[in-house]
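Participant:
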Amino acid sequence: MKNISSKYYVLLAGLPLAYLAIFYFYPLIKIFTVSFLPDEAWGPGNLKKLVTSGIYLRTLWFTTWQAVVSTVLTLLLALPGAYVFARYQFRGKELLRSFTTVPFVLPTVVVAAAFHSLLGPHGLVNAVLMKFFNLISPPVAVDQTIALILIAHVFYNYTVVVRIVGGYWSRLEPGLTESAKMLGASPAKVFFKVTLPLLSPAIMAASLLVFIFCFSSFGVILILGGPRFATIEVEIYRQAIHLFNLPMAAALSLVQILFTFALMWVYTQLQRSRSMALKPESRAVTQKKIDSGVDRLILATNVGFMILFLGLPMMSLIIQSVATETGVSLGFYRALFENATESVFFVPPADAVFYSLGFSLAALLIALSLGVPAAVFLAGPANRLRSVLDPLFMLPLSTSAVTLGFGFILALDKPPLNLRTSPMLVPLAHTLVAFPFVVRSLLPALRSIPPKLREAAALLGAGPWKVWRTVDLPILGRALVVGAVFAFTISLGEFGATVFVARPQTPTMPLAIYRFLGQPGAVNYGQAMAMSSILMLVSATGFMFIEKFRVTHGGEF
Amino acid sequence: MAGNSDMALLEVVDIKKDFNGIFALEKVNLRLEAGNLLCLLGPSGCGKTTLLRIIAGLEKTDSGMVIFDGQDLSRMPPHRRGFGMMFQDFSLFPHKNVFDNVAFALQLEKHSRERINRRVKEMLQLVGLEGFEMRDVNRLSGGECQRVALARSLASEPRLLMLDEPLGSLDRVLRERLLVDLYRIIKQVGVTTLYVTHDHAEAFTVADRVAVMNNGRVEQVDQPETLYRQPANELVARFLGFHNLVEGVVAEAGGINSVLGMLYPQKIPAFPGTRVTVLLRPEGARIIDAGHIADSGETVIKGTVKQRTFKGGYFNLTVQTDPGTVLSFDFTLDALPPAVGQDVRLLLRPSAMVLIPRTE
Numbered sequence: 000m001k002n003i004s005s006k007y008y009v010l011l012a013g014l015p016l017a018y019l020a021i022f023y024f025y026p027l028i029k030i031f032t033v034s035f036l037p038d039e040a041w042g043p044g045n046l047k048k049l050v051t052s053g054i055y056l057r058t059l060w061f062t063t064w065q066a067v068v069s070t071v072l073t074l075l076l077a078l079p080g081a082y083v084f085a086r087y088q089f090r091g092k093e094l095l096r097s098f099t100t101v102p103f104v105l106p107t108v109v110v111a112a113a114f115h116s117l118l119g120p121h122g123l124v125n126a127v128l129m130k131f132f133n134l135i136s137p138p139v140a141v142d143q144t145i146a147l148i149l150i151a152h153v154f155y156n157y158t159v160v161v162r163i164v165g166g167y168w169s170r171l172e173p174g175l176t177e178s179a180k181m182l183g184a185s186p187a188k189v190f191f192k193v194t195l196p197l198l199s200p201a202i203m204a205a206s207l208l209v210f211i212f213c214f215s216s217f218g219v220i221l222i223l224g225g226p227r228f229a230t231i232e233v234e235i236y237r238q239a240i241h242l243f244n245l246p247m248a249a250a251l252s253l254v255q256i257l258f259t260f261a262l263m264w265v266y267t268q269l270q271r272s273r274s275m276a277l278k279p280e281s282r283a284v285t286q287k288k289i290d291s292g293v294d295r296l297i298l299a300t301n302v303g304f305m306i307l308f309l310g311l312p313m314m315s316l317i318i319q320s321v322a323t324e325t326g327v328s329l330g331f332y333r334a335l336f337e338n339a340t341e342s343v344f345f346v347p348p349a350d351a352v353f354y355s356l357g358f359s360l361a362a363l364l365i366a367l368s369l370g371v372p373a374a375v376f377l378a379g380p381a382n383r384l385r386s387v388l389d390p391l392f393m394l395p396l397s398t399s400a401v402t403l404g405f406g407f408i409l410a411l412d413k414p415p416l417n418l419r420t421s422p423m424l425v426p427l428a429h430t431l432v433a434f435p436f437v438v439r440s441l442l443p444a445l446r447s448i449p450p451k452l453r454e455a456a457a458l459l460g461a462g463p464w465k466v467w468r469t470v471d472l473p474i475l476g477r478a479l480v481v482g483a484v485f486a487f488t489i490s491l492g493e494f495g496a497t498v499f500v501a502r503p504q505t506p507t508m509p510l511a512i513y514r515f516l517g518q519p520g521a522v523n524y525g526q527a528m529a530m531s532s533i534l535m536l537v538s539a540t541g542f543m544f545i546e547k548f549r550v551t552h553g554g555e556f
Numbered sequence: 000m001a002g003n004s005d006m007a008l009l010e011v012v013d014i015k016k017d018f019n020g021i022f023a024l025e026k027v028n029l030r031l032e033a034g035n036l037l038c039l040l041g042p043s044g045c046g047k048t049t050l051l052r053i054i055a056g057l058e059k060t061d062s063g064m065v066i067f068d069g070q071d072l073s074r075m076p077p078h079r080r081g082f083g084m085m086f087q088d089f090s091l092f093p094h095k096n097v098f099d100n101v102a103f104a105l106q107l108e109k110h111s112r113e114r115i116n117r118r119v120k121e122m123l124q125l126v127g128l129e130g131f132e133m134r135d136v137n138r139l140s141g142g143e144c145q146r147v148a149l150a151r152s153l154a155s156e157p158r159l160l161m162l163d164e165p166l167g168s169l170d171r172v173l174r175e176r177l178l179v180d181l182y183r184i185i186k187q188v189g190v191t192t193l194y195v196t197h198d199h200a201e202a203f204t205v206a207d208r209v210a211v212m213n214n215g216r217v218e219q220v221d222q223p224e225t226l227y228r229q230p231a232n233e234l235v236a237r238f239l240g241f242h243n244l245v246e247g248v249v250a251e252a253g254g255i256n257s258v259l260g261m262l263y264p265q266k267i268p269a270f271p272g273t274r275v276t277v278l279l280r281p282e283g284a285r286i287i288d289a290g291h292i293a294d295s296g297e298t299v300i301k302g303t304v305k306q307r308t309f310k311g312g313y314f315n316l317t318v319q320t321d322p323g324t325v326l327s328f329d330f331t332l333d334a335l336p337p338a339v340g341q342d343v344r345l346l347l348r349p350s351a352m353v354l355i356p357r358t359e
């Protein structure tokens, strides 16, 4: 019995493994060989050049410190928010929680465009200030500075901390802090001696995730930072596309892979110990009503901050998309559907919407059909194979999108796998990015299923497949939907890999926005705003819709 | 102690609390003298834990006050009150070992390391966990957790110790053993204690006085024996496990006229016509044979045995009396009581019949 089921389990891992072998490891090996064997002969010259060259050390240094600062800032600003979600009951809480998640599901290109529209030289803030104080030049000059990059990173990752830390916090037994109070600890002492240490696994996990995201930041830096700033990601792109120095780009990719894989390994270790240590408390026990002035102040400050900080960039994007020279109009949106001869596109930009939707749907289907068996396999009892495969399945996540895209064009454009002209190239790449999220959405749900439940079902005469269908699947339903949303929205906004693999005739929405932003002129800028607004609304409503669906169809477990 | 002798260490005055319009506490008054142990006894949802949390400062009152040692505590946050509290699930800090759990309050008070070490050792000795300092609290048994929690709340010599169902999360066998230990330790330390429980046997074992609570009200505060001998009303009687409650009226000739016939308790109120409830103690009946002729002052009731249960130390009989009342009595093992279906006559001891004011 045991042997049979473990054989089943190994079979489950086979499909995702095969996919990763072809579309992940093979391109990586290509990157590896290109960086070491640029001219079909062994030569570590590129790596050596990379390590000794000042530019690359500076790139690495910048990549690291901006990620550290972004992470610290995100933590400081989001921890109070996590507290509010963990400990208070208030009206509109679920809506607010969904709202804070919107920035995270926004494509990086849209985030960049939004901050451009708010704080750029022609941004809303500058326009208002210039009008109000009668200024000739824009007073806020954060465009192409590190400040704008950091703000955008906080905006993007705020919800990561709120969700991970807040979720963990809401399950901390209130008796622990009350005990500390009774033992003479002031509120500050309670926080630093009890709450914070208990939260530390969640804070560590959230920080690591935010750090990894910022370390591999590409679109935000490329668009908001301008030519002065380059993370490793941006440098790979420049080396590969602008300078066509493939060996150097490959060497940089190798560095990126090494760093992020190490970080990801630590993250998975944390995840494993965290889900074991959790002692779920029902929400009713841990959450209180607003009944004092202090509570009201904390709540009002945080909700106000969330709405302003997260809402303003999105709002200004929409305002800018309808603010034409002739006043409020849908001119920019109309322009999207016209194929002017001087257009940078071969096709109407509106088609980008349909290409994007098609690619995303395809990516969702592939990612789910790979992610479900992978997660079911990983959720089994710990053994050596699983402890190897767990981080292995996460590898695409820790490998930056840019590296993936770069690997695709290195590996898949000549026999035996010539997919250069295939429209499937985009969803195949997107699947790599989405697959780890699907697995990560499913795993906690799978691990939360008590083994006793499975044993009980088995004792009642259910075979492994039936056990899975009658016990696991209903519990999984909600996680499955979450995984599907992640796959879809990630694919919809994917930029780093798409910029390498998409064909000019079938651009996606993020690509269209990037091209518009790179062109001079108010009409191009306006069209970027319009396209970003559409993409933002599509990802946000899709996400909101499914979040709502998820709440009504799944109980708490 | 600062106050004079007739002043209680802890006074709860007219405390009111409601949650969304539902009364949790309705004008509660309580006194607790220094060095005493007061039990708050009542069914779950009666407000006893809410009261405890208000005294601790973890919950606010709607009105009324808590006075400790002559001082109104309304504006004092819980961490300044110097009270120790043990929660039902113990709430040991999972990120600290046994030593650091017990030393938590001492470290906050910034004692010297030497003193902390000594005190923790003392405390662990007191609760019988010598050498447990470096243990991981996540790997302790339920009983060990309880003792660590006790040591932790006693370490900084609290002015008042509060225990919220301290044995509630343990299994029965363990409970009985630990209860005795708990009582010994509390008395050894001599700390003034508030003890919340729903188990009257537990309350009787440890309490100097017991406050029976129901529906947010204190029904009776008395010493355990008094409480047992003379419940203040039917509600208290029922909660203490008495089921033989019979309504009656004081008769002209002395005695109580009831559905069981005339009852002659030890004490009878002077006013004929007074409506009372008579509590018949389960241990106060003797089986008499059919030939026995009752004296005028004797209480004899008749019935049919419905059920006979061997309880270990005694037999329990459920007896259906003629008019349709079911009573329950305990008998010694000296003789085998009548079997199910047999008729019996029972002679009730006057001292085993207690008059309770009728609750209307």
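Chains as they are written, first to last, in numbering that gives the first Met the number 0: chain A, 0 to 556; chain B, 0 to 359. Ideal Cβ placement from N, Cα and C applies to all residues, glycine included. None of these values were measured; they are calculated from a predicted model.
(1) Contact criterion: CB-CB distance below 8 angstroms. Does Ala-102 of chain B meet it with respect to chain A?
(2) Would you list, in sequence order, the uninterrupted beta strand (DSSP E) runs of no fewer than 3 residues that lie entirely inside the segment 46-87 of chain B?
(3) Spell out whether any CB of chain A is found under 8 angstroms from the CB atom of Arg-237 of chain B.
(4) Anything in chain B within Cβ reach of Pro-196 of chain A, meaning under 9 angstroms, just list it in chain order.
(5) Less than 8 angstroms between the C-beta atoms of Gly-247 of chain B and Leu-262 of chain B, yes or no?
(6) Leaving out five residues before and five after Ser-317 of chain A in sequence, what residues of the same chain have Cβ atoms less than 6 angstroms from its Cβ?
(7) Could you tell me which chain A residues have their CB closer than 9 angstroms to the CB of Ala-369 of chain B, listed as they occur along the chain?
(8) Thinking Phe-114 of chain A and Asn-156 of chain A are a contact (beta carbons under 8 angstroms), I'd like their distance in whole angstroms, please.
(9) Quick one: does Val-353 of chain B have its CB under 8 angstroms from some CB of chain A?
(10) Distance, Cα to Cα, Pro-443 of chain A vs Leu-377 of chain A?
(11) Run down chain A in chain order and give the residues with a C-beta less than 8 angstroms from the C-beta of Ser-155 of chain B.
(12) Figure out for me which residue from A:Val-522, A:Thr-100, A:Ser-538 has the closest Cα to the Cα of Ala-322 of chain A.
(13) What is the DSSP secondary structure of Gln-319 of chain B, reduced to helix, strand or coil?
(14) Of all the options B:Leu-234, B:Asn-213, B:Lys-26, B:Ala-206, which has the alpha carbon lying nearest to the alpha carbon of Asp-221 of chain B?
(15) Comparing alpha-carbon positions, which option in A:Leu-118, A:Trp-264, A:Ala-151, A:Ala-85 lies nearest Ala-66 of chain A?
(16) Counting only beta-carbon separations shorter than 8 angstroms, does Glu-324 of chain A have a partner in chain B?
(17) Identify every run of the alpha helix (DSSP H) within the segment 397-485 of chain A, keeping only runs that are complete inside it and at least 4 residues long; order them along the chain.
(18) Starting from Glu-172 of chain A, find everything on chain B with Cβ-Cβ shorter than 8 angstroms and list it in chain order.
(19) Taking three-plus beta-carbon pairs below 8 angstroms as touching, is the segment 344-359 of chain B in contact with the segment 288-308 of chain B?
(20) Is Phe-22 of chain B helix, strand or coil by DSSP?
(21) In the DSSP assignment, what are the bridge partners of Pro-264 of chain B?
(22) Going along the chain, which residues of its own chain have a beta-carbon closer than 6 angstroms to the beta-carbon of Lys-1 of chain A, five neighbours each way excluded?
(23) Counting only beta-carbon atoms, is Phe-82 of chain B nearer than 8 angstroms to chain A?
(24) Would you list, in chain order, the members of the segment 186-220 of chain A that have their beta-carbon closer than 7 angstroms to a beta-carbon of chain B?
(25) Check whether the Cβ of Pro-77 of chain B lies closer than 8 angstroms to any Cβ atom in chain A.
(26) Is there a Cβ from chain A that is less than 8 angstroms from the Cβ of Glu-58 of chain B?
(27) Inspect the beta-carbon positions of Thr-497 of chain A and Val-425 of chain A and report whether they are closer than 8 angstroms.
(28) Is the CB of Ser-4 of chain B under 8 angstroms away from at least one CB in chain A?
(29) Once the 5 residues before and after Pro-102 of chain A are set aside, which same chain residues still bring their CB inside 6 angstroms of it?
(30) For Gln-106 of chain B, report the span of its alpha helix (DSSP H) as first-last.
(31) If you draw a straight line from the C-alpha of His-241 of chain A to the C-alpha of His-429 of chain A, how long is it?
(32) Pull up the distance between the alpha-carbon of Met-313 of chain A and that of Ile-474 of chain A, whole angstroms please.
(33) Under a three-way DSSP split, which group does Ser-185 of chain A fall into?
(34) In this structure, how does DSSP classify Thr-507 of chain A when only helix, strand and coil are distinguished?
(35) Rounding to the nearest angstrom, what Cα-Cα distance links Thr-505 of chain A and Phe-358 of chain A in this structure?
Facilitator: Short version:
(1) Counting from one through the second sequence, the residue named residue 102 of chain B turns up at place 103. For Ala-102 of chain B, the answer is no, since every Cβ of chain A falls outside 8 angstroms of its Cβ.
(2) 62-67, 82-85
(3) For this step, residue 237 of chain B is matched to residue 238 along the second sequence. No, Arg-237 of chain B does not count as interfacial toward chain A.
(4) Along the first sequence, one-based indexing puts residue 196 of chain A at 197. Ordered by position in chain B, the residues that pass the 9 angstroms Cβ test against Pro-196 of chain A are Phe-92, His-94, Lys-95.
(5) The sequence position of residue 247 of chain B within the second sequence is 248, counting from 1. The sequence position of residue 262 of chain B within the second sequence is 263, counting from 1. Cβ atoms of Gly-247 of chain B and Leu-262 of chain B: closer than 8 angstroms.
(6) Against the first sequence, residue 317 of chain A aligns to sequence position 318. Strictly speaking, residue 317 of chain A in this sequence is Ile, with Ser absent from that position. Taken in chain order, the residues that qualify are Ser-532.
(7) With chain B represented from 0 up to 359, any question about residue 369 of chain B goes unanswered, as that position is not in the structure.
(8) On the first sequence, position 115 is the one that residue 114 of chain A refers to. On the first sequence, position 157 is the one that residue 156 of chain A refers to. Rounded, the Cβ-Cβ distance is 14 angstroms, inconsistent with contact.
(9) Position 354 of the second sequence, counted from the first residue, corresponds to residue 353 of chain B. With 8 angstroms as the cut-off, Val-353 of chain B does not count as an interface residue toward chain A.
(10) Within the first sequence, the letter at position 444 stands for residue 443 of chain A. Within the first sequence, the letter at position 378 stands for residue 377 of chain A. If you take the alpha carbons of Pro-443 of chain A and Leu-377 of chain A, they lie about 11 angstroms apart.
(11) The residue you call residue 155 of chain B lines up with position 156 of the second sequence. Ordered by position in chain A, the residues that pass the 8 angstroms Cβ test against Ser-155 of chain B are Leu-182, Gly-183.
(12) Residue numbering aside, residue 322 of chain A sits at position 323 when the first sequence is read from its first letter. When each option's Cα is compared against that of Ala-322 of chain A, the closest is A:Val-522.
(13) Reading the second sequence from its first residue, position 320 is the one you call residue 319 of chain B. Here Gln-319 of chain B sits in strand by DSSP.
(14) Here residue 221 of chain B refers to the residue found at position 222 of the second sequence. Closest option to Asp-221 of chain B, Cα to Cα, is B:Ala-206.
(15) Counting from one through the first sequence, the residue named residue 66 of chain A turns up at place 67. Minimum Cα distance to Ala-66 of chain A is reached at A:Ala-151.
(16) Your numbering for residue 324 of chain A matches position 325 in the first sequence. For Glu-324 of chain A, the answer is no, since every Cβ of chain B falls outside 8 angstroms of its Cβ.
(17) 400-410, 424-447, 450-458, 463-466
(18) Translated into the one-based positions of the first sequence, residue 172 of chain A becomes position 173. Correct list: Asp-88, Ser-90.
(19) yes
(20) For the purposes of this step, residue 22 of chain B is identified with residue 23 of the second sequence, where counting begins at 1. Strand at Phe-22 of chain B.
(21) Here residue 264 of chain B refers to the residue found at position 265 when the second sequence is read from its first residue. According to DSSP, Pro-264 of chain B bridges with nothing at all.
(22) Start at 1 with the first residue of the first sequence, and residue 1 of chain A comes out as number 2. A caution first: Lys-1 of chain A carries a pLDDT of 43, below 50, which makes its placement in the model unreliable, though a value can still be read off. Taken in chain order, the list of residues that qualify is empty.
(23) Residue mapping note: residue 82 of chain B aligns to position 83 of the second sequence, counting from 1. For Phe-82 of chain B, the answer is yes, since a Cβ of chain A falls inside 8 angstroms of its Cβ.
(24) Lys-188, Val-193, Pro-196, Leu-197
(25) By one-based count along the second sequence, residue 77 of chain B stands at place 78. Yes - at least one Cβ of chain A is within 8 angstroms of the one on Pro-77 of chain B.
(26) Sequence index remark: in the second sequence, residue 58 of chain B carries index 59 (1-based). No, no contact with chain A.
(27) As a first step, residue 497 of chain A is located in the first sequence; it is residue number 498 there, counting from the start. As a first step, residue 425 of chain A is located in the first sequence; it is residue number 426 there, counting from the start. It is a contact, given that the beta carbons lie within the stated cut-off.
(28) Taking the second sequence and counting its residues from 1, the one referred to as residue 4 of chain B is at position 5. At Ser-4 of chain B the pLDDT is 48, less than 50, meaning the model places this residue with poor confidence; the figure from the coordinates comes in the next sentence. Ser-4 of chain B does not count as touching chain A.
(29) Translated into the one-based positions of the first sequence, residue 102 of chain A becomes position 103. The answer, listed in chain order, is Phe-154, Tyr-155, Leu-309.
(30) Looking up residue 106 of chain B in the second sequence gives position 107. Here the alpha helix (DSSP H) through Gln-106 of chain B covers 97-107.
(31) Residue mapping note: residue 241 of chain A aligns to position 242 of the first sequence, counting from 1. Residue mapping note: residue 429 of chain A aligns to position 430 of the first sequence, counting from 1. Answer to the nearest angstrom: the Cα atoms are 23 angstroms apart.
(32) Taking the first residue of the first sequence as 1, we reach residue 313 of chain A at position 314. Taking the first residue of the first sequence as 1, we reach residue 474 of chain A at position 475. When rounded, the distance between both Cα atoms is 35 angstroms.
(33) Taking the first residue of the first sequence as 1, we reach residue 185 of chain A at position 186. If DSSP states are grouped into helix, strand and coil, Ser-185 of chain A belongs with coil.
(34) By one-based count along the first sequence, residue 507 of chain A stands at place 508. Three-state DSSP puts Thr-507 of chain A in coil, outside helix and strand.
(35) Reading the first sequence from its first residue, position 506 is the one you call residue 505 of chain A. Reading the first sequence from its first residue, position 359 is the one you call residue 358 of chain A. So the two alpha carbons sit approximately 10 angstroms from each other.
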